[in-house]
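Reading through the structure tokens given below for one structure.
There are 2 protein chains.
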Amino acid sequence: MEIMLFSNGKVAGNTELLEYGYEWIESAMERTKAKKLLFIPYAMIRSSYDERASQLREAFARFGCDVTSIDTVSDPVRAIEEADGFLVSGGNTWVLNKMLHDLGLVRPLRKAILMHNKLYIGWSAGTNIAAPTIRTTNDMPIVTAAILPSLNLVPFQINPHYIEATIEGHMGETRDERIEEFLVVNPHEVVAGIPEGTMLQVSGRTLRYFSANGKPMKLFRAAQEPCYYRQDESIQFLMEHGC
Amino acid sequence: MEIMLFSNGKVAGNTELLEYGYEWIESAMERTKAKKLLFIPYAMIRSSYDERASQLREAFARFGCDVTSIDTVSDPVRAIEEADGFLVSGGNTWVLNKMLHDLGLVRPLRKAILMHNKLYIGWSAGTNIAAPTIRTTNDMPIVTAAILPSLNLVPFQINPHYIEATIEGHMGETRDERIEEFLVVNPHEVVAGIPEGTMLQVSGRTLRYFSANGKPMKLFRAAQEPCYYRQDESIQFLMEHGC
Chain A
53 MEIMLFSNGK VAGNTELLEY GYEWIESAME RTKAKKLLFI PYAMIRSSYD
103 ERASQLREAF ARFGCDVTSI DTVSDPVRAI EEADGFLVSG GNTWVLNKML
153 HDLGLVRPLR KAILMHNKLY IGWSAGTNIA APTIRTTNDM PIVTAAILPS
203 LNLVPFQINP HYIEATIEGH MGETRDERIE EFLVVNPHEV VAGIPEGTML
253 QVSGRTLRYF SANGKPMKLF RAAQEPCYYR QDESIQFLME HGC
Chain B
53 MEIMLFSNGK VAGNTELLEY GYEWIESAME RTKAKKLLFI PYAMIRSSYD
103 ERASQLREAF ARFGCDVTSI DTVSDPVRAI EEADGFLVSG GNTWVLNKML
153 HDLGLVRPLR KAILMHNKLY IGWSAGTNIA APTIRTTNDM PIVTAAILPS
203 LNLVPFQINP HYIEATIEGH MGETRDERIE EFLVVNPHEV VAGIPEGTML
253 QVSGRTLRYF SANGKPMKLF RAAQEPCYYR QDESIQFLME HGC
């Protein structure tokens, strides 16, 4: 298994998409020798699939990779079978998950990633769908979508773009309160809050946390104080969480 | 029809629940003569139904009203039929909407409110479910709930706790971006963003906007610049939106 789950695409300050993770990606590319990457843009709502595909093509050329967008191929399942890896964009998690189910791509993707160990690189919405379900997304449910289960590549829930800061005077639920509510309703699950500029990686069966800015991961469990984990602290126990 | 849809329960600064709207509520109480209020607490996750019911009982005593919580009655449908009005708490919109559908309360509530003109007072999640669907909620989908349609008391979508401010350096979607995405996917709908400390009221067929702090309502339409509406500006056209 080779999975990289980024909290978000761009960090503040006008960097390139995934630039904060180029070193991590380079090392994964050396391990996997992935060359043909399939881009899955379905989460994108406000900007163009083509434009994003071009940006990614340019960015991944540095690793010797070619990028094709799945919306431009005639047979998406075959494209999944023939690709060496996948790039799954952020945007709206509901739309992304619905599209994957509607187009029958969940099973082919799981097979490629879990059985054939093809590289999966997701960010934001693309990270949400790597969890068992999309129940810890921050996104608005802009489409009526009955299906909340997602790719289930890792056995725990993730909250990308995790943030502790709040807007002064705003009385809407904080992120921590939302996650706390999730755990009241789902007390046997755990939620990994990953701040912007960070990534969860599964290589083989080894789970590791990477942080480009020193920000820790925050792990939430029902009726317990959340715990912080820094890069290089072991979080392997999360892989045995067993869903 | 007598409907009051508050953006939120408490405004910043430790006031009582709905205190910023006491005057508006008093005037509705004089019109409707409502005395027996039924409290619907199902959105609440992190705090006690009983405690909130007590707070409301105390608060609404000033209007000569009695408050019973629906979770304490043996026959919820009969309680809806016998009540003069409803208080619907904030919390998690997904859990609230699912409970109303699971318990078969959507039709009895619509009948009471739309046919028998019983008073409906909702805040936050209680406001979300007055729209045709819950697709413009800010809440995390902490339960797997296939049903997004809600009470459909007004023919447009509402975004409660609406806020323009963002957290510096945070790259997650802004509220405006989330609503823009909703309208890309649903271009024939409109979304009324109501800031904290404000309320939408329908009395008879007349829709009005009230703001305790001068903040305007922000109306979003597909592919158009959003428009602001202040208290006393006409927004009646929203009632003819026709869903």
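Residue numbers (the working numbering), protein chains in the order written: chain A, 53 to 295; chain B, 53 to 295.
Note that CB positions come from ideal geometry on N, CA and C, so glycine has one too.
DSSP, reduced to helix, strand and coil, places threonine 124 of chain B within a helical segment of the structure shown. Closest in alpha carbon position to isoleucine 194 of chain A, among A:Ala95, A:Leu155, A:Trp175, is A:Ala95. By the Cβ-count criterion, tyrosine 214 of chain A is buried, with 16 or more other Cβ atoms from all chains shown falling within 10 Å of its own Cβ. Listed along chain B, the residues sitting closer than 9 Å to lysine 62 of chain A by beta-carbon distance are Met223. Closer than 9 Å at the C-beta level to chain A, one finds these residues of the segment 185-197 of chain B: Thr185, Ile186, Arg187, Thr188, Thr189, Asn190, Asp191, Met192, Pro193, Ile194, Val195, Thr196, Ala197. If you look at proline 160 of chain A, you'll find it isn't in any beta strand (DSSP E); it sits in the alpha helix (DSSP H) that goes 158-162. Between serine 202 of chain B and isoleucine 186 of chain B the beta-carbon gap is near 5 Å, inside 8 Å, which marks them as a contact.
Nearest to glutamate 71 of chain A by alpha-carbon distance, out of A:Arg273, A:Lys163, A:Ala111, A:Arg104, is A:Ala111. Within its own chain, the residues whose Cβ lies closer than 6 Å to the Cβ of valine 125 of chain B, once the five positions on either side in sequence are excluded, are Ala131, listed in chain order. Judged by pairs of C-beta atoms under 8 Å, the segment 254-264 of chain B touches the segment 277-291 of chain B, as three or more such pairs exist. Taking 8 Å as the CB threshold, asparagine 238 of chain B lines the interface with chain A.
In this chain, the alpha helix (DSSP H) harbouring threonine 84 of chain A covers 74-84.
Assignment of alpha helix (DSSP H) within the segment 193-250 of chain A, counting only whole runs of 4 or more residues, yields 227-237 in chain order. In the structure shown, the three-state DSSP call for glycine 137 of chain A is strand.
For the pair proline 278 of chain B and arginine 83 of chain B, the Cα-to-Cα distance works out to about 34 Å. Annotation for valine 158 of chain A: Leu152 place their beta carbon closer than 6 Å to its own, counting only its chain and skipping 5 residues before and after.
Counting of Cβ neighbours within 10 angstroms places lysine 85 of chain B among the exposed residues, the total staying below 16.
With a threshold of 16 other beta carbon atoms within 10 Å, threonine 179 of chain B meets it and is buried.
Secondary structure at phenylalanine 115 of chain A: coil, using DSSP grouped into helix, strand and coil. Non-local beta-carbon contacts of alanine 164 of chain A in its own chain, meaning distances under 6 Å to residues more than five positions away in sequence, involve Ile132, Lys170 in chain order.
Within chain A, the residues placing a beta-carbon under 7 Å from that of phenylalanine 234 of chain B are Met192, Ile194, ordered along the chain. Contact of glutamate 71 of chain B with chain A is not assigned, every C-beta pair being separated by 8 Å or more.
In terms of CA proximity to leucine 90 of chain A, A:Val140 leads the group A:Ile55, A:Val140, A:Leu148, A:Gly65. Segment contact: the segment 226-242 of chain A against the segment 237-256 of chain B, fewer than three CB-CB distances shorter than 8 Å; contact not assigned. Excluding residues up to 5 positions away in sequence, Val242, Ala244, Pro278, Cys279, Tyr281 lie with their Cβ nearer than 7 Å to the Cβ of leucine 271 of chain B in the same chain.
Interface criterion met: the Cβ of arginine 230 of chain A is under 8 Å from a Cβ in chain B. For glutamate 277 of chain B, the three-state secondary structure derived from DSSP is coil. Contact check for serine 59 of chain A against glutamate 248 of chain A passes: the beta carbons are separated by less than 8 Å. Exclusion of the five residues before and after valine 63 of chain A leaves Tyr72, Glu248, Gly249 as the residues of its chain whose Cβ lies within less than 6 Å of its Cβ. Within the segment 79-103 of chain A, the residues whose Cβ lies closer than 7 Å to some Cβ of chain B are Ile97, Arg98, listed in chain order. Per DSSP, threonine 188 of chain A is not a residue of any beta strand (DSSP E), being assigned neither H nor E.
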